[in-house]
């Protein structure tokens, strides 16, 4: 027979374990005073790899527009957030600790979509932003200084097109600038073009895939692009609900992942700092997937390792990685905010 006092101790211990599991697996509501109303009820399914950092940023009320993109400078510990809206700063800059640094309210930017930090290790890193606006500054890609000064423009401002000389875009979705200076562009976000373009560091055309369709190396709304450490390009082919993979040197098609995206398309893709996983977001079902990253060789089939299920109507759009700490940041259209997720085991720098 178990004594009453002993029973109370056992119940107390088990209750504590249940609470601990709820915290670890994210089934608790993450709502806290002062946080955004949609920072709640996120769940971790599968292996728990990342958790939400509720302390970032320290002043979420600074998000005053619709947040579309995010870019990280891991050398300087700075995060750039791009947002849309009338009379709102188009770019807000925070530290990776969550402190506000500055904002831009430039008239040269109409509707930011993708944002990328280039030359991060240099003394003068620059910020690239794709502009999908239909006004006099739209349909092009712009390079800015850290403080928001316009440095150069790729494309023909205000003119949607498919030309290569001069270069034209129609709602370019995202740009990825490799450490070598080579540039990868996915164009466009629902416009006339469905292209993956590679430019040299001198912005000369190297190769392109530009045919609309469902076959290999064809696209329907290519939305995000990244390059891994095995000379492979990964493109989220949104309209076809798949990811396509190419050789970054030759442009040769290497394979396709589609089985992981039955219910919704992949919108954004980035490789984690430890090179083990791809972070892929699905906007319509409010999910962040962690997929196994294949080693050099065959692409194989996609494998979901972990899922972060966000609250309804968060609408995650684009993501970027802090290569130093391993954290990743997500731009969320529905929640009108950016959020930070950190690895469960922070064992120091990944660099």
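Residue numbers (this note's numbering): 1 to 351.
Using N, Cα and C, we set each Cβ at its ideal position, and we do this for glycine too.
Remember, it's a predicted structure, so these values are computed and weren't measured experimentally.
Residue 240 - DSSP class collapsed to helix/strand/coil: helix
Mapping the DSSP letters down to three states, classify residue 248 as helix, strand or coil. coil
If contacts are defined as beta-carbon pairs under 8 angstroms, then residue 57 and residue 94 qualify, I think. What distance do you get, rounded to the angstrom? 5 angstroms
Less than 6 angstroms between C-beta atoms, sequence neighbours within five positions excluded: which residues of the same chain meet that for residue 268? 224, 281, 318 and 319
Alpha-carbon to alpha-carbon, residue 66 and residue 19: The predicted model places residue 19 with a pLDDT of 33, which falls under 50 and marks its position as unreliable; any figure quoted below should be read in that light. Their Cα atoms are separated by approximately 35 angstroms.
May I have the straight-line CA-CA distance separating residue 250 from residue 193, to the nearest angstrom? 21 angstroms
Since residue 314 and residue 335 should fall inside the 8 angstroms C-beta cutoff, what is the C-beta to C-beta distance between them, to a whole number of angstroms? 5 angstroms
With residue 197 as the anchor, note down where its beta strand (DSSP E) starts and where it stops. 195-199
Exposed or buried, residue 164, counting other C-beta atoms within 10 Å across all chains shown (16 or more means buried)? exposed
Does the separation of the CB atoms of residue 158 and residue 168 fall below 8 angstroms? no
Decide if residue 323 is buried, meaning its Cβ has at least 16 other Cβ atoms within 10 Å, or exposed. buried
Confirm, please, whether the CB-CB distance from residue 80 to residue 127 is below 8 angstroms. yes
Name the residue from 218, 273, 226 and 291 whose alpha carbon lies nearest to the alpha carbon of residue 343. 273
Does the beta-carbon of residue 276 have 16 or more other beta-carbons within 10 angstroms, so that it is buried, or is it exposed? exposed
Could you check if residue 100 is buried or exposed, using at least 16 other CB atoms within 10 Å of its CB as the buried criterion? exposed
Within 10 Å of its beta-carbon, does residue 44 have 16 or more other beta-carbons around it, so buried, or fewer, so exposed? buried
Cβ shell of residue 62 (< 7 angstroms), same chain only, five flanking positions each side left out: 92 and 100
Quick check on this structure: which residue in 296, 316, 300 and 298 has the alpha carbon closest to the alpha carbon of residue 423? The structure shown does not extend to residue 423, since the chain is modelled only from 1 to 351, so the question has no answer here.
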